[in-house]
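Only one structure is covered here, and it is reproduced in the block below.
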Amino acid sequence: MQTAIFTLLGTILGGLISYFLQRQKFSHDLKIRREADKTDFMAETTARHFLSHKSYTDRSFDTLKKRLGGFDDDELRKILVRAGAIRDIRHDGTEWWRLLSRMDEYIEKKKAEKE
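For the sequence shown, position 22 (counting from the first letter as 1) is numbered 5 according to our numbering, and the numbering increases by one without interruption.
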């Protein structure tokens, strides 16, 4: 009986040690990954910042491209999609972007303009 208790305690202790080591390793790996992808994370944060401006629900692609320099057009579009934005091509052929989370605000603004 005493052997079984020591075996159980050893197994539990080993499991706890393994759990905490894996948790620490995961946290460390995540920090390394974030540091490696810092440019993309910061670009998404910056894109979200420009698209969250309280006065403007939409931003032209040209404006975003000027503010988020260093990316080619398709790469910038991918960043905008990862930031939660959707694209709108207007009648004049210009490309505009807005956050999907602000769609209700955009619709309300359009309704108010019609009235």
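Where a beta carbon is used, it is the ideal one built from N, C-alpha and C, also for glycine.
Using a 10 angstroms sphere on the CB of Leu(-1), the tally of other CB atoms stays under 16, which defines it as exposed. When the beta-carbon positions are compared, Leu83 and Ile69 come within less than 7 Å of each other. DSSP places Ala68 inside the beta strand (DSSP E), whose first and last residues are 68 to 72.
Cβ-Cβ distances below 7 Å link Thr40 to Arg81, Arg85, Glu88, Tyr89, Lys92 in the same chain, with the five nearest sequence neighbours on each side left out; the list follows chain order. Within the same chain, Cβ atoms closer than 8 Å to the Cβ of Trp79 are found at Asp41, Arg42, Ser43, Phe44, Arg70, Asp71, Ile72, Arg73, the five residues on either side in sequence being excluded.
Inclusion of Arg50 and Phe33 in the CB contact set at 7 Å is warranted, their separation being smaller than that value.
Per DSSP, the unbroken beta strand (DSSP E) holding Glu78 starts and ends at 78 to 82. For the alpha helix (DSSP H) assignment, the uninterrupted runs of no fewer than 4 residues enclosed by the segment 0 to 80 are, from N- to C-terminal side, 21 to 34, 44 to 50, 56 to 65.
For Ala26, the closest of Asp55, Thr(-6), Lys37 by C-alpha to C-alpha distance is Asp55.
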